[in-house]
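Q: Take a look at this one; I'll ask things after.
Chains as they are written, first to last, in my numbering: chain A, 134 to 514; chain B, 134 to 514.
The structure is reproduced here in C-alpha cells:
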C-alpha cells in the first residue's frame, strides 16, 4: 500500500501508534510478571490513554501508576480504582486528590520519603476529612528521592504516620531503579534489579519487625523488570515504556527495533542543497529535545527517519538539527531528493517516547497496517 | 503579599505571565520598529495567544507571523487577516489553508525556496481553486532553508511562479538570521543584521530588475531587529521572543533579567539530603529539555529558580536534573529546607520560552503582582 493510501487524511506532524506492536509488548510484560509471580501495575505516564491502559492489562481495570493528577482524574473517571500517584504529592494538591477519590470511588496511593511531608499531608488530609494510602519511597541508589533502605529514617516515617497522621494508611514501600538507564548491558541491569529488590524487601521486613503492615512491596523500571533474576518478596512491578519502547531503550539493548510501537508521521517540506539535507515539518515541538538515547547511540539524533509504510529506518538517516517546527535530516547525496520528494511522508522513531508523545492530544492507530482509530491522550497537570 | 495569597488557587506546575513586563516588551519593540521605519509583523509561535497578540500590536489586528496551521486557524478565527505562515508549506496542507482563508476572510502568505515546491503548490492551489501569496525565502547564512541571495535560483523560482503557477502571487522576499543566536556580543549581531538586510534587499532588487513586483521585504529575528544599524530597503520585521524573553536571550545579552515575562510556578515536593537538593514538581515536561541558554550561561540548567513573589533568582539555584515530572535543584546546604519547606512555591525562569510554554494550555496572568486573568493558548498542529 502506498503512503497516501495509508496516511492520506492526516495532518502532519502526528503520532502513529502500531496497535499490533503495542499488544505484543503488553503481553510480553504480562507473561514476564506472571512468571515472576508479581502483579503488574503499569505506569501510564508515557501512554496517558485509557485505550492503551486497557491493552496493558488485557481488558482488566487493575492497579495502575500515574505521574500527574490530571492522569489520576482521567483514569478514575474511566473506571480505574487503584491508582498509585508516583510523584511526591504537594499538600495543596490533596483537595483535588480527595475529589477524585470521592467522585469516582477510586483509591489514590501516594509516595512519601520525609517526616515533614507526612506531617503536612496528614494535617491537610485531616482537615479535608480524607483518607489516603501511602507507600514509603526507598532510595535504591538513584538519589532522586527516597530514604535509605531499611534505615532509621524509614521507621521514623512509619512512626509518624502511626502516631500523628491517622488519615494516612501505611500501605507498603516502593523503590525505583531509574539509574538502570545508565547501563547498556544486561548483567549490570540484572545486578541493579537485585539491588532494587533488596532495597524494597529489606525495608518491608524492617517495617514488619516494627509491627507495621506492609502489604505492597513495589519495584520497577522496565529494564529491571525484564532482567531481574527473581523478585522474591516483591508484590508488584511498575513499568511503562515497555508498552511503546523507543530509541533510548533500543540503545540500551532492552528492546528490538521492531518492538517500537510509536512514531511521528512527518512530511518532507524542503530540500536543502547546502548540506544536502531534507527538511521535515517535525522539529523540537514534534519530537522533543530529549537525546537520552545518544549516550549509547549517538547516531539517533532527535529520532531515526524511517520509511512511512514499513517503519524501517532509511539506513542511518536521523533528524540532527531541530528548530521549533523544522527538523533537518542530512542525506548522503541529492539522489535522496528524488527518493523523498517534497510532500512525501516519513515516520520517525522517537528518541524518548515519553517526551515525544507529550506533545500530542491523540494517537492515530494502525492495525494490520491500516489506520483504524484515533485514541485520545490526557495532557497537562 | 505572601505567595499563598498570590498563587493559592493554582495547580502547579503552571505558566505565569507578567502582563506588565509583556506590555513594556511589546512597546519597546514597536518603538524600535517605528524608529527603523518598518512594519512589525510579530511572530506568535512563542505566545500562541490572541490576548498576547493584541498587546503586541497595541490593539491592532495587523500583520502577524505563525509557525503552524493551528495557529493560523486560531488567529484567523479571532479576526487577524494578514498571516505569514513561516514554515515551508506541504502541498497536502493547502486544502486546510484554503478553508482558513475562505471561512475567515484571511490572507495566508507562504514561504518557498524551491522550484519543485512551487510547482507542487501551484498545482494543488489550482485544483483547489485557491489563491495564495508567497515570499521567496533567502538564506542569509543559517543554511536551514532558502536560496542564495540575489542568485539565479531566486529568479528561477520567480519565473516558475509567473509562468506556471497562476494561483500563486509572488509578494516579496524574506530572510531569517536564526544564526544570530550563535553570538553573545552586540557588534557581531549588528554585523549579522546587515548581512540579513542585504540578503533580503539585494534579492528584492534583483527580482524588480527582472520585472517582478516585490512589495514585501521581510527580515527578522529578535536580536537582529534590536541591534541592526538601519533597515534601509526593508519593509517589515518579524520577531517573537521579545514579547516574553528567556534565559537563552538573557545569556546573549539581548534582554535584562527583569524583562523576562513568563515563568513556571512550581511546588517544592521533596527535600533530598543526599545532595542536598530540593525536588520540584516541574520536570522535563513542565520546563522542556532545551538548554539553548547554556552555551553562554552554563549555570542556567533547565531554568533558574526564583522567589515566587518577586521573580528574583535565589542566587544561582537552578534545576539541574529533570525527570518527566521531577526537577532537582541542588542547594548549598540544608538551611534551604527551612527556607523553602515542602509545599512552598517557587517560580522558574525558562531556559527557552518557546519550548517551555508549549507544554501549557493557558497563561495565568499577573498585573501589578495580582492574578487577574487566564489566557488560553493554541497548541498542536
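For glycine and all other residues, C-beta sits at the position ideal for the given N, C-alpha and C.
1. Measuring CB to CB, does residue 371 of chain A end up less than 8 Å from residue 174 of chain A?
2. If I measure Cβ to Cβ from residue 515 of chain A and keep anything under 6 Å in the same chain, skipping five residues before and after, which residues do I get?
3. For residue 490 of chain A, which beta-bridge partners are listed by DSSP?
4. Mapping the DSSP letters down to three states, classify residue 301 of chain B as helix, strand or coil.
5. Please tell me whether residue 363 of chain B has its Cβ less than 8 Å away from any Cβ of chain A.
6. State the CB to CB distance for the pair residue 326 of chain B and residue 357 of chain B, rounded to an integer number of angstroms; the pair is presumed to be in contact (CB under 8 Å).
7. Please state whether the Cβ-Cβ distance between residue 204 of chain B and residue 181 of chain B is less than 8 Å.
8. Can you list the residues of chain B that residue 312 of chain A reaches, using a CB-CB cut of under 7 Å?
9. Can you tell me where the alpha helix (DSSP H) holding residue 207 of chain B begins and where it ends?
10. Give a yes or no on contact between the segment 193 to 200 of chain A and the segment 389 to 397 of chain B, applying the rule of three or more CB pairs nearer than 8 Å.
11. Going along chain A in order, which residues have a C-beta closer than 8 Å to the C-beta of residue 456 of chain B?
12. Along the segment 465 to 483 of chain A, what residues have a CB closer than 9 Å to any CB found in chain B?
13. Assuming residue 149 of chain B is part of the alpha helix (DSSP H), what are its boundary residues?
14. Starting from residue 405 of chain B, find everything on chain A with Cβ-Cβ shorter than 8 Å and list it in chain order.
15. Quick check: the Cα distance between residue 337 of chain B and residue 353 of chain B, rounded to an integer number of angstroms?
16. Please report the distance separating the alpha-carbon of residue 350 of chain A from that of residue 320 of chain A.
17. In or out: residue 468 of chain B buried (at least 16 other Cβ within 10 Å) or exposed?
18. Taking Cβ-Cβ distances below 7 Å as the criterion, which residues of the segment 410 to 429 of chain B are in contact with chain A?
19. Alpha carbon to alpha carbon, how far is residue 382 of chain A from residue 152 of chain B? Give it in angstroms, no decimals.
20. Does the CB of residue 246 of chain A have a neighbour CB from chain B at under 8 Å?
21. For a contact defined as C-beta to C-beta under 9 Å, what are the partners of residue 188 of chain B on chain C?
22. Let me know the beta strand (DSSP E) ranges lying completely inside the segment 406 to 435 of chain A, each 3 residues or longer, listed in chain order.
23. Against chain B, which members of the segment 203 to 231 of chain A pass a CB distance test of less than 8 Å?
24. Helix or strand or just coil, what does DSSP make of residue 475 of chain B?
25. State buried or exposed for residue 513 of chain A, treating a residue as buried only when at least 16 other CB atoms are found within 10 Å of its CB.
26. Grouping DSSP H, G and I as helix and E and B as strand, with all else coil, what is residue 403 of chain B?
27. Since residue 137 of chain B is in the alpha helix (DSSP H), which residue starts that stretch and which ends it?
28. Below 8 Å on the Cβ atoms is my contact criterion, and I expect residue 401 of chain A with residue 454 of chain A to pass it. Report the Cβ-Cβ distance as a whole number of Å.
29. Alpha helix (DSSP H) containing residue 261 of chain A: first to last residue?
30. Return the CA-CA distance between residue 217 of chain B and residue 196 of chain B, expressed in angstroms with no decimal places.
31. Determine whether the Cβ of residue 400 of chain B lies closer than 8 Å to any Cβ atom of chain A.
32. Which of the three DSSP states is assigned to residue 463 of chain B in this structure?
33. Quick check on the DSSP output: the beta strand (DSSP E) that includes residue 556 of chain A runs from which residue to which?
34. Cβ of residue 460 of chain B within 8 Å of Cβ of residue 420 of chain B?
A: In short:
1. For the purposes of this step, residue 371 of chain A is identified with residue 238 of the first chain, where counting begins at 1. For the purposes of this step, residue 174 of chain A is identified with residue 41 of the first chain, where counting begins at 1. In contact: residue 371 of chain A and residue 174 of chain A (Cβ atoms closer than 8 Å).
2. With chain A running from 134 to 514 in the structure shown, residue 515 of chain A is simply not present.
3. As a first step, residue 490 of chain A must be located in the first chain, where it is residue number 357. The partner list for residue 490 of chain A (beta bridge, DSSP) is empty, contrary to what the question assumes.
4. Looking up residue 301 of chain B in the second chain gives position 168. Strand at residue 301 of chain B.
5. The count along the second chain starts at 1 and reaches residue 363 of chain B at position 230. Output row for residue 363 of chain B: interface = no.
6. Working through the second chain from its first residue, we reach residue 326 of chain B at position 193. Working through the second chain from its first residue, we reach residue 357 of chain B at position 224. Residue 326 of chain B to residue 357 of chain B, Cβ: 4 Å. Contact.
7. For this step, residue 204 of chain B is matched to residue 71 along the second chain. For this step, residue 181 of chain B is matched to residue 48 along the second chain. Yes, they are a contact pair.
8. Within the first chain, residue 312 of chain A is the residue found at index 179, counting from 1. Within 7 Å Cβ-Cβ: nothing; residue 312 of chain A doesn't reach chain B, min ~11 Å.
9. In the second chain, residue 207 of chain B corresponds to position 74, counting from 1. It spans 202 to 210 - the alpha helix (DSSP H) in which residue 207 of chain B sits, taken as one unbroken run.
10. no
11. Working through the second chain from its first residue, we reach residue 456 of chain B at position 323. Going along chain A in sequence order, the residues near residue 456 of chain B (Cβ under 8 Å) are 277, 311.
12. 470, 474, 475, 476, 478
13. Numbered from 1 along the second chain, position 16 holds the residue referred to as residue 149 of chain B. Residue 149 of chain B -> not in any alpha helix (DSSP H); beta strand (DSSP E) instead, spanning 147 to 151.
14. Position 272 of the second chain holds residue 405 of chain B. Within chain A, the residues near residue 405 of chain B are 276, 277, 278.
15. Here residue 337 of chain B is taken as the residue at index 204 of the second chain, counted from 1. Here residue 353 of chain B is taken as the residue at index 220 of the second chain, counted from 1. Residue 337 of chain B and residue 353 of chain B: Cα-Cα distance of roughly 16 Å.
16. Along the first chain, one-based indexing puts residue 350 of chain A at 217. Along the first chain, one-based indexing puts residue 320 of chain A at 187. Using only the alpha carbons, I get a separation of about 24 Å.
17. Translated into positions along the second chain, residue 468 of chain B becomes position 335. It is exposed - the Cβ of residue 468 of chain B has fewer than 16 other Cβ atoms within 10 Å.
18. Taking 7 Å as the Cβ-Cβ cut-off, the segment 410 to 429 of chain B approaches chain A at 412, 414, 417, 418, 421, 422, 423, given in chain order.
19. By 1-based counting over the second chain, the position of residue 152 of chain B is 19. By 1-based counting over the first chain, the position of residue 382 of chain A is 249. The alpha-carbon atoms of residue 152 of chain B and residue 382 of chain A are separated by roughly 43 Å.
20. If you number the first chain from 1, residue 246 of chain A lands on position 113. For residue 246 of chain A, the answer is yes, since a Cβ of chain B falls inside 8 Å of its Cβ.
21. Looking at the structure shown, chain C is missing, and the protein chains on hand are A and B.
22. Counting only unbroken stretches of 3 or more residues, the beta strand (DSSP E) elements lying wholly within the segment 406 to 435 of chain A are 410 to 413, in sequence order.
23. 220, 221, 222, 223, 224, 225, 226, 229
24. The residue labelled residue 475 of chain B in the question sits at position 342 within the second chain. It is coil, neither helix nor strand.
25. Walking along the first chain from the start, residue 513 of chain A turns up at place 380. By the 10 Å Cβ count, residue 513 of chain A comes out buried.
26. Reading the second chain from its first residue, position 270 is the one you call residue 403 of chain B. Residue 403 of chain B falls in the strand class under three-state DSSP.
27. Sequence index remark: in the second chain, residue 137 of chain B carries index 4 (1-based). Where residue 137 of chain B is concerned, the enclosing alpha helix (DSSP H) stretches over 136 to 140.
28. Here residue 401 of chain A corresponds to residue number 268 of the first chain, with the count starting at 1. Here residue 454 of chain A corresponds to residue number 321 of the first chain, with the count starting at 1. Wrong, their Cβ atoms sit about 15 Å apart, outside the cutoff.
29. As a first step, residue 261 of chain A must be located in the first chain, where it is residue number 128. First-last of the alpha helix (DSSP H) with residue 261 of chain A: 248 to 261.
30. The sequence position of residue 217 of chain B within the second chain is 84, counting from 1. The sequence position of residue 196 of chain B within the second chain is 63, counting from 1. In a straight line, the C-alpha of residue 217 of chain B is about 8 Å away from that of residue 196 of chain B.
31. Numbered from 1 along the second chain, position 267 holds the residue referred to as residue 400 of chain B. Taking CB atoms only, residue 400 of chain B has a neighbour in chain A less than 8 Å away.
32. Indexing the second chain from 1 puts residue 463 of chain B at position 330. Note: residue 463 of chain B maps to strand in three-state DSSP.
33. Summary: the structure shown does not reach residue 556 of chain A, with chain A confined to residues 134 through 514, and so no result is reported for it.
34. Against the second chain, residue 460 of chain B aligns to sequence position 327. Against the second chain, residue 420 of chain B aligns to sequence position 287. Yes, the Cβ-Cβ distance between residue 460 of chain B and residue 420 of chain B is below 8 Å.
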